[in-house]
Amino acid sequence: MSTDASDPSLPARPAVDAELVRKTARLARLQIEDADIPKLVDHLEKILDLVGELGISDDTTQSGDSISATTDSLDVEAWRNDEPAAENQPGGPRDSQQIGGNCPDWRDGSFVTPRVVGGE
Amino acid sequence: MSEDRNLQLPPQSATCLEVLDHLAAGKCSAEQLLTSYLDYLETTGRELGAAVEVFRESALDAARESDARRKNGDRVGLLEGIPFTAKMNISTIEGTTDASSSILEGFKSGADATVVSRLKNQGAILAGKSNCDEFAMGASNETSVHGVVKNPWSHDRVPGGSSGGAAALAGSHGWAFHLGSDTGGSIRQPAAFCGATGLKPTWGRVSRRGLIAFGSSLDQIGPLARDAADVRRVLEVIEGADELDATSVACERDTAESVASDPVRRIGLVSEGLSEGVDEDIRERIRESAKRLGSAGYEVVEVSLQTLARANACYQVIATAEASSNLARYDGVHIGQRVPAENLDQLYCGSRSSGFGEEVRRRILLGTFVLSSGYIDAYYGRAQQVRAEIRQEILTVLEDVDALMMPVSPFAPFCIGERVSDPLALYACDILTVTANLAGVPAIAVPCGSDETGLPMGMQWMGRHGEDQRLLQLAESWQSLDDSWRKLPTGVK
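As structure tokens, this is what we get:
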């Protein structure tokens, strides 16, 4: 929690503690039992040490200047247009019975959830 | 037909292509063949933990229809009458598609994945679903809600993962093939551990529609089978652009015909893949294999992939980041498991925490962390830069050689329980396989013998984008030199 990611001289990894684990679990919508915290701190520390091998260093920064970062593995410009499929077409909205069949609580064509407005 | 069903069955080590000839010659029927394979799945497949679901009724119906097509002289498909299984994260009309996670317990996809429908259209018969690590996250098939899978060569050892069920089936029985998925080595590593042949195609060459997403820029469906010729046949059926998958690519790809006159000639042996972190007997076997290829007329030169050392770190960031996004959809509202809750937040947190297993929760946590404010540039942003460097280096090295060669795994199949509680020990399984996923290039794992205890050993080749067929031709050539792919575990006829 003691680092600023915008600082190019940041240490290899931030300090990992119970607070960081709880905060991250909250973002991920996961409940963490107190008894599990020490193991998760240990694992996250180890994994972030491994991730430190990314080369968080000047060398990587220099390389990054000449090679653009990528989220794709291919340079492709032939992607299909991303258009919604028509009703009842493959890939399009399915019938409500099928959707409801996989839903934990489905009533009158709707997903049922606990109260959203007016709750805590 | 049941009274004479064993009379003319092919040996268990026979390949799909050999059995297609067997069927065409009328030596047995598809129903006889399938009945025998279903029995295998129900016995050995279940005992290994590899077969999760077996579709006896629908498969036998399909087999009878196949026999009728042959009898009537109707068109027969490229895989007419051949049984196959799909990994539990690949959608099928039959059975459930739960990605081996309790959060998706009982999930019915309601449709076949594109690859499955293409196979059925060519006469292949879906016989069952195979076990895998939960959401394909694992390298040992020990994180599945359906239980651990045993390696068919040594039942106290893991089959690899995440497509461990598919590999255990492919490694112990012929004349069937299996659909797996490979995000960081999940087809190749288990194939190597079980003595099977497995291909991770070029990213985009095979539709991912119907595959439950893990890391979308890395995931790829591919086949596992006894040998490269079978894998080639399956690829030819499942490949090609799919209008239902916006990321399937309608770009040029090689064919068996196009590579016949331009085969692999020059192979780059990756020196970093033979470093001290790799077991000595594996290094020796890869060097021996390189010599054999050299004797067979291939030019083998040593090359360097300097980014290999950083590939696993890069992969762990990108794969977990994408996983944390992809798995955000499992919220207890729309699909899957739900726990009682008084408000929506409790519903989300409670359902996700009880539905996901420990390894998946750990990866979601890491992925959420590397995408969180204050850390996204330092981790995810830098990983994207490293990924670009990895791809650039691979493409540059592949300008000088036709294929890159190295081991699949740095070590032999390990004992069940040996690594699963230590994430770093488990992630070390991926160090030689993730590069192909990060670069999007095709890669194939083939058997290259066994160690002194009799466990299978595998090697892999990587090729240029779209040159999957060239790799397959190389693999076929290798398998004409080395018959270790033909061997089945002791006790299997």
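Protein chains in written order, with this note's numbering: chain A, 3 to 122; chain B, 4 to 496. The C-beta atom is built at its ideal place from N, Cα and C for all residues, glycine as well. This structure is a prediction, so every number in the text was calculated from the model and none was measured.
Apart from the 5 residues on each side of it in sequence, B:V437 sits with its Cβ closer than 7 angstroms to the Cβ of G187, G188, A314, N315, Y318 in its chain, given in chain order. Contact between B:V444 and B:R467 is confirmed by a C-beta separation of about 6 angstroms, below the 8 angstroms threshold. In the displayed model, B:L129 falls within a strand according to three-state DSSP. Sequence-ordered contacts of the stretch 360 to 372 of chain B with chain A read R364, R365, I367, L368, L369, T371, F372 [C-beta pairs closer than 7 angstroms]. With contacts defined by Cβ atoms closer than 8 angstroms, B:S166 and B:M140 do not form a contacting pair.
With a 10 Å radius around the Cβ and a threshold of 16 neighbouring Cβ atoms, B:R236 comes out buried. For A:P116, the neighbours in chain B by C-beta distance under 8 angstroms run, in chain order, A344, E345, N346, L347, Q349, L350. Between A:P106 and B:L427, the alpha-carbon positions lie close to 36 angstroms from each other. For the stretch 394 to 428 of chain B, residues whose beta-carbon sits nearer than 8 angstroms to a beta-carbon of chain A comprise R394, Q395, P426, L427.
When beta bridges are read from the DSSP output, B:P86 appears opposite B:I128. Under the Cβ distance rule, A:E47 does not count among the residues neighbouring chain B, no pair being separated by less than 8 angstroms. For A:V53, the C-beta contacts it makes with chain B under 7 angstroms involve A316, Q319, V320, Y382, in order along the chain. Between the stretch 471 to 487 of chain B and the stretch 260 to 279 of chain B there are three or more inter-stretch CB-CB distances shorter than 8 angstroms, so the stretches are counted as touching. Non-local C-beta neighbours of B:P13 in its own chain, meaning closer than 7 angstroms and more than five positions away in sequence, comprise E21, V22, H25, W178, ordered along the chain.
For the pair B:N346 and A:R24, the CB atoms are not nearer than the 8 angstroms cut-off.
Taken through DSSP and simplified to helix, strand or coil, B:L227 comes out as strand. Beta-bridge partners of B:R269 (DSSP): B:E302. Scanning its chain for C-beta atoms nearer than 7 angstroms, with the 5 sequence neighbours on each side dropped, one finds around B:T117 the residues S210, R212, G213, D245, L247, D248, in chain order.
Three or more pairs of CB atoms, one per stretch, sit closer than 8 angstroms, so the stretch 407 to 417 of chain B contacts the stretch 148 to 163 of chain B.
Identification of chain B residues near A:D84 by a Cβ-Cβ cut-off of 8 angstroms yields A249, ordered along the chain.
At a Cβ-Cβ threshold of 8 angstroms, B:V304 and B:L296 do not count as neighbours. For B:P410, no alpha helix (DSSP H) encloses it; the enclosing beta strand (DSSP E) starts and ends at 406 to 410. Proximity of A:D36 to chain B, defined by a Cβ-Cβ separation below 8 angstroms, is not satisfied.
In the structure shown, B:P450 falls within a strand segment according to DSSP collapsed to helix, strand and coil. Among the residues of chain B, those whose CB is under 8 angstroms from the CB of A:D107 are R341, following chain order. Excluding sequence positions up to five before and after B:E56, its CB lies within less than 6 angstroms of the CB of G98, G131, K132, all in the same chain and listed in chain order. The secondary-structure analysis by DSSP pairs B:R365 with nothing; it has no beta-bridge partner.
Within its own chain, the residues whose Cβ lies closer than 8 angstroms to the Cβ of B:Q309, once the five positions on either side in sequence are excluded, are E275, E396, listed in chain order. Put simply, the CB of A:R31 is near chain B, with a gap under 8 angstroms to one of its CB atoms. Distance from the CA of B:R67 to the CA of B:N134, rounded to the nearest whole angstrom, comes to 27 angstroms. Interface with chain B (8 angstroms Cβ-Cβ cutoff): A:A17 is excluded. Looking at the DSSP output, B:K203 sits in a beta bridge with B:A446. Taking A:W108 as the centre and dropping the five residues before and after it, the same chain places the C-beta of G102 closer than 6 angstroms to its C-beta, in chain order. In terms of Cβ geometry, B:G360 and B:S143 do not form a close pair [threshold 8 angstroms].
Counting only residues of its own chain and dropping the five nearest sequence neighbours on each side, B:L407 has a CB closer than 6 angstroms to the CB of G271, V273, M465. The beta carbon of A:A27 falls within 8 angstroms of a beta carbon belonging to chain B, placing the residue at that interface.
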